[in-house]
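So the sequence shown is numbered by the numbering used here: it starts at 8 and just counts up by one.
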Amino acid sequence: MEIISIPKRSDTKTILTLFGTRPEIIKLAPVIWAIERHSDKWRSVTVSSSQHTGLLRPFIREFGINIDHDLGVMTPGQTPNAVLARVVEAIEPLLFAERPDLVLVQGDTTTAIAGALAAFYARIPVAHVEAGLRTGDRYSPFPEEMNRRLITQLADLHFAATDKNVGILLAEGVQKKCIELTGNPVVDTLKHILAHSSISTPLSKLLDSLWDKKLIVLTTHRRENFGQVMSSHLRALRRFVERHEEIELIFSVHPNPSVRAVVDAEFTGVGRIHCIEPLEYADFIHLLSRAWLIVSDSGGIQEEAPSLGKPLLILRDTTERPEVLECGVGKLVGHSGEHLEKLLEESLIDSTWFDVVNAVENPFGKGDAGDRIASAIEKFLEAREEALL
Ligand code: UDP
Numbered sequence: 008m009e010i011i012s013i014p015k016r017s018d019t020k021t022i023l024t025l026f027g028t029r030p031e032i033i034k035l036a037p038v039i040w041a042i043e044r045h046s047d048k049w050r051s052v053t054v055s056s057s058q059h060t061g062l063l064r065p066f067i068r069e070f071g072i073n074i075d076h077d078l079g080v081m082t083p084g085q086t087p088n089a090v091l092a093r094v095v096e097a098i099e100p101l102l103f104a105e106r107p108d109l110v111l112v113q114g115d116t117t118t119a120i121a122g123a124l125a126a127f128y129a130r131i132p133v134a135h136v137e138a139g140l141r142t143g144d145r146y147s148p149f150p151e152e153m154n155r156r157l158i159t160q161l162a163d164l165h166f167a168a169t170d171k172n173v174g175i176l177l178a179e180g181v182q183k184k185c186i187e188l189t190g191n192p193v194v195d196t197l198k199h200i201l202a203h204s205s206i207s208t209p210l211s212k213l214l215d216s217l218w219d220k221k222l223i224v225l226t227t228h229r230r231e232n233f234g235q236v237m238s239s240h241l242r243a244l245r246r247f248v249e250r251h252e253e254i255e256l257i258f259s260v261h262p263n264p265s266v267r268a269v270v271d272a273e274f275t276g277v278g279r280i281h282c283i284e285p286l287e288y289a290d291f292i293h294l295l296s297r298a299w300l301i302v303s304d305s306g307g308i309q310e311e312a313p314s315l316g317k318p319l320l321i322l323r324d325t326t327e328r329p330e331v332l333e334c335g336v337g338k339l340v341g342h343s344g345e346h347l348e349k350l351l352e353e354s355l356i357d358s359t360w361f362d363v364v365n366a367v368e369n370p371f372g373k374g375d376a377g378d379r380i381a382s383a384i385e386k387f388l389e390a391r392e393e394a395l396l
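And the structure:
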């Protein structure tokens, strides 16, 4: 009988990082860079689910990330169930082939919950970047609030951005030794971009032509705002722009057809409203930094606004980032166009909000989250190795 020898695993640890959407790569890029700085002892494997192909690709290029495996799961009109099923199925053989020592996921996307679940089923430890965010409403944002709660159940290691996030995890029974306070890596990315990139010529031309205007930067594409809510927000913005000649609005329009339909209905042919295709990160950050006011339903922009010292009207009725309200940078608009219009008018006549925002200290960290996460991973892998000996 021939006895087969199974090759011994080397001392090199493999860390598999999974992402599939724009916000995930924005926040994981500094973590991947930090992991790659440890290439003497770690092997970094990057996997894109391509949950959002078109929006994701330019960011991967911009951040210089090399994709080792692309699961290519995106289909037109995909539902969260379809994405979940396709990612779980596609990643399983990869987990067996790569045999990672740790799977890293970020945030609350369907890609992240699928990756965490598949890793758990394969008995591979899971680490969660941006852990402990909660709105308290399981349907808002949907399905992200439930995704992040479930990822907490699956994860072995939780990277929390703020003290509040740590408190939430502890209250849910996560052990203190499994939580690391790191700040949010979006601050690292933003700082990196501001230090190393310049604005593109087309955006620079547009901004130069608006130099003496008060600029509103708008993004909105959350599923729970589709339809009536989004229409009433856009109508309120249109009326505000029409009333005030000094206001110009730039809207980065998400490719989702539900967004495009509302934009066509509410903004077509309106002067001083500029609808543009989504920008690469460097341009978008330069655009935000030139804003008078930001209006958005995005999660990441709630962290970027205090980092840039810009006031933000949040097109949601709840936020999982109460820090942005408490520090004075953000105000919750809710679902009503009338309320949005009232807040816009107030912003124009009362500058005290802008003074508060200018002096704010960023509650989301100092820009060293990537390194803090890498150090915590190192500690975790060493402790695990000792426990297995
Ligand atoms: N963003 C970008 N270009 C744009 C619009 C947004 O780079 O044209 C960035 C923005 O700075 C933020 C992220 O995309 O970091 C937000 O993504 P999204 O709103 O899709 O997700 P969320 O933040 O709500 O999870």
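Backbone N, C-alpha and C fix where the C-beta goes; we use that ideal spot for every residue, glycine too. Nothing here was measured: the structure is a model prediction, and the numbers come from that model.
Same chain only: Cβ atoms within 7 Å of residue i, ignoring 5 sequence neighbours per side
| i | result |
| --- | --- |
| V364 | G316, K317, P318, G335 and V336 |
| Q113 | F26, E31, K34, L35, A119, V136 and E137 |
| L124 | V95 and L161 |
| R267 | V260 |
| I206 | D290 and H293 |
| L355 | H251 |
| F127 | V133 and L161 |
Of the residues the options, the one placed nearest residue i, counting alpha carbons only
| i | options | result |
| --- | --- | --- |
| V194 | A36, L322, G174 and H281 | A36 |
| A178 | R245, Q160 and V112 | Q160 |
| W360 | L332, A394 and D378 | L332 |
| F70 | R29, S46 and G372 | R29 |
| F66 | K212, L286, I301 and S358 | L286 |
| D257 | A243, V269 and L213 | Here residue 257 turns out to be Ile, not Asp, going by the sequence shown. The option with the nearest alpha carbon to I257 is L213. |
| R391 | C185, S303, V38 and F103 | C185 |
| L387 | F233, D108 and R155 | First, the amino acid is wrong: residue 387 is Phe here, not Leu. The option with the nearest alpha carbon to F387 is D108. |
| S216 | E255, V277 and E310 | E255 |
| G372 | M81, D170 and G84 | D170 |
| V248 | K220, P262 and A394 | K220 |
| Y288 | G278, Q85, E311 and A126 | E311 |
| E253 | W49, Q85, T142 and E352 | E352 |
| I131 | R155, M81 and L23 | L23 |
| F233 | K183, E393, K338 and V270 | V270 |
Residues of its chain near residue i, where Cβ-Cβ distance is below 6 Å and the 5 sequence neighbours each way are ignored
| i | result |
| --- | --- |
| T118 | G27, S56, Q58 and V94 |
| A298 | L222, V224 and K317 |
| P150 | P87 |
| P14 | Any reading at P14 is ruled out, since the residue's pLDDT is 49, under 50, leaving its predicted position unreliable. |
| A243 | G344, L347 and E348 |
| Y146 | none |
Cβ-Cβ distance between residue i and residue j below 8 Å
| i | j | result |
| --- | --- | --- |
| F274 | L322 | no |
| T226 | S259 | yes |
| T21 | E105 | yes |
| D163 | A202 | no |
| N191 | A138 | no |
| P313 | P370 | yes |
| A25 | V110 | Looking at the sequence itself, residue 25 is Leu, so the reference to Ala does not match. Going by C-beta atoms, L25 is nearer than 8 Å to V110. |
| A376 | T189 | yes |
| I280 | R245 | yes |
| I74 | T53 | yes |
| S239 | G344 | yes |
| E231 | A383 | no |
| L157 | A167 | no |
| L197 | I72 | no |
| R328 | L140 | yes |
| L102 | A129 | yes |
| D304 | R379 | no |
Heavy atom of the ligand GDP within 7 Å of residue i beta-carbon
| i | result |
| --- | --- |
| V193 | You won't find the ligand GDP in this model; what it holds is the ligand UDP. |
Proximity test, residue i beta-carbon vs the ligand UDP heavy atom, cut-off 7 Å
| i | result |
| --- | --- |
| I321 | no |
| L152 | Reading the sequence as shown, one finds Glu at residue 152 and not Leu. E152: no, Cβ never under 7 Å from the ligand UDP. |
| I72 | no |
| Y288 | yes |
| F247 | no |
| G306 | yes |
| S259 | yes |
| T226 | yes |
| E137 | no |
| E311 | yes |
| F26 | no |
| F149 | no |
| P30 | yes |
| F361 | no |
| P285 | yes |
| I33 | yes |
| F166 | no |
| F291 | yes |
Spatial neighbours of residue i in its chain, beta-carbon cut-off 8 Å, leaving aside the 5 residues before and after
| i | result |
| --- | --- |
| I308 | T226, L295, I301 and L319 |
| Q381 | According to the sequence shown, residue 381 is Ala rather than Gln. V38, A41, I42, R44 and H45. |
Any C-beta of chain C under 8 Å from that of residue i
| i | result |
| --- | --- |
| F371 | Among the chains of the structure shown, chain C does not appear; only one protein chain is present. |
Requested in this report: Enumerate, from N- to C-terminal direction, the unbroken alpha helix (DSSP H) stretches of 4 or more residues contained entirely within the region 119-175.
Outcome: 151-161
Requested in this report: Ignoring anything shorter than 4 residues or poking outside the region 287-333, list the alpha helix (DSSP H) runs there in chain order.
Outcome: 288-296, 307-315 and 329-333
Report task. For the region 252-283, list the alpha helix (DSSP H) runs that are entirely contained and at least 4 residues long, ordered along the chain. Result -> As for any alpha helix (DSSP H) of minimum length 4 sitting wholly inside the region 252-283, the runs are 264-274, ordered along the chain.
Report task. Entirely within the region 184-248 and at least 3 residues each: give me those beta strand (DSSP E) ranges in chain order. Result -> 186-188 and 221-226
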